[in-house]
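To start, the structure under review is shown below, and the notes come after it.
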Ligand SMILES: Cc1cc2nc3c(=O)[nH]c(=O)nc-3n(C[C@H](O)[C@H](O)[C@H](O)COP(=O)(O)OP(=O)(O)OC[C@H]3O[C@@H](n4cnc5c(N)ncnc54)[C@H](O)[C@@H]3O)c2cc1C
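Structure below.
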């Protein structure tokens, strides 16, 4: 089996430019010998699950959180910091699973935006969370036509989630989006935030007010279980026994849960932070939407203009997509995908009105590892065939609008022993034997 684990010396993302004091935190010098629940992985999945397991719980389980590197050093610390409904892709979901499943998914995503906002406010997390609208824009007439047809179809069908979707035709698409030559735009409620600050802030609160034991720089090498359903987790620092294991290891899951080998595949992606020099003679207009920009060549960038004037821009896959060895089944985020740099350097100038002479330039370029699945859906719930092992992983390129409330559902399964069907997670996310048949094939 390939070696699938988080590597050392990962590239430095913009989000890790301001580190929290718990970045490399260890609650105790030695690992505990035993506990009730072990959560593996301290990204948004692992920390949110810990939050829902321990928060407001009069009889909390003993929880150990194991992380191979620093807190939030995986995909959550490397992504676009963007939560958006997958509305533009909803027809694919409807075709595959039916209108009921598609509706359930969109309403779940909508709810997650507000749930994260509420938690950030309640816990006073200083994470730059801004409620906004994503502007899915295209300069391609063909894509614009498809989007209009899709929107009209959903509107005629009277689907309730369409109330939050706005289709903007060619007359105003360029003006409203600020994207040169935009043929159409669809806007939907979205949020942007500093994901590292959300995760570290939430975990710092847990460390303060609960008995959670956090162990960074502690990579899990294997997980085994005995006939009584007791699990043993082995690390280079020793072993821990626990009744319940939660895999929150996203792209790296198959390294320690062989059921997911070739079913959750590590896939390398590129991201950047673009800044405008303070002394520029031509300050660009501030952009108040977040963006998906679909090009005629079939590729898509996402651009998240930050409240401070910088822009997170990810994608750029047309520059390296054909070199599969650079990204497919790759879990090394210690190097950047250099081919994307030139594209990110000019993406604002080429596509946004008023940015031509801004002097915008890339100051951070980094890589991150996505967990790709065959059906583009995450695996959640019980690990098939394992009574006391749970999973939330394989989030593809869009975990942010799903993870927080999935974590709530997983915590409910563990805390209240409810079945998957009653835990509030969209039905199509359930990890099943059937879904483990197909390999990822890019
Ligand atoms: C470049 C990039 C851009 C993205 N942009 C977006 C976006 O804009 N919007 C969106 O919705 N999604 C985006 N995504 C996807 C999103 O980031 C992920 O879906 C999400 O962050 C997954 O969170 P997680 O906690 O499950 O995984 P992670 O954040 O990867 O956390 C998993 C943790 O597990 C740890 N771990 C793994 N194996 C072990 C082990 N054996 N022992 C101990 N610890 C282990 C890892 O070190 C890691 O910290 C992007 C991803 C990338 C890479």
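Residue numbers (this note's numbering): 13 to 454.
For each residue, glycine too, the CB sits at the ideal point set by N, CA and C.
Roughly how many angstroms separate the alpha carbons of residue 96 and residue 406, rounded to a whole number? 18 Å
Under 8 Å, do residue 148 and residue 327 count as touching if we go by C-beta distance? no
Between the alpha carbons of residue 337 and residue 135, how many angstroms are there, rounded? 43 Å
Can you tell me where the beta strand (DSSP E) with residue 285 in it begins and where it stops? 276-287
Measuring only the C-alpha atoms, how far is residue 123 from residue 206? 19 Å
DSSP has residue 24 in a bridge; who is on the other side? Residue 24 pairs with nothing; no bridge assigned.
Using the rule of at least 16 other Cβ atoms within 10 Å of the residue's Cβ for burial, across every protein chain shown, is residue 143 buried or exposed? exposed
Nearest to residue 445 by alpha carbon, out of 231, 394 and 290? 394
Cβ pair residue 16, residue 248 closer than 8 Å: no
Look up residue 243 in the DSSP assignment and say whether it is helix, strand or coil. strand
Determine whether the beta carbon atoms of residue 178 and residue 155 lie at a separation below 8 Å. no
Mind checking residue 439: buried by the 16 CB within 10 Å criterion, or exposed? exposed
Out of 333, 386, 334 and 210, which one is the CA nearest neighbour of residue 59? 210
Where in the segment 187-261 do unbroken runs of the alpha helix (DSSP H), each at least 4 residues long, occur, reported from the N-terminal end onward? 207-221
Report the residue from 435, 344 and 331 whose alpha carbon sits nearest the alpha carbon of residue 357. 331
Taking 8 Å as the cut-off, does the segment 416-436 touch the segment 96-108 (at least 3 CB pairs, one atom from each stretch)? no
Locate the alpha helix (DSSP H) running through residue 105, then write down its first and last residues. 102-109
Could you give the uninterrupted runs of the alpha helix (DSSP H) lying entirely in the segment 47-121, keeping only those of 4 residues or more? 56-66 and 102-109
Would you say residue 23 and residue 346 are within 8 Å of each other, going by their C-beta atoms? yes
Report all residues from its chain with a CB closer than 6 Å to the CB of residue 344; omit the five preceding and five following residues, and keep chain order. 19
How far does the beta strand (DSSP E) with residue 401 in it reach, from first residue to last? 401-405
Between the Cα of residue 284 and those of 269, 266, 322 and 168, spot the shortest distance and give me the residue it belongs to. 322
Alpha carbon to alpha carbon, how far is residue 361 from residue 378? Give it in angstroms, no decimals. 21 Å
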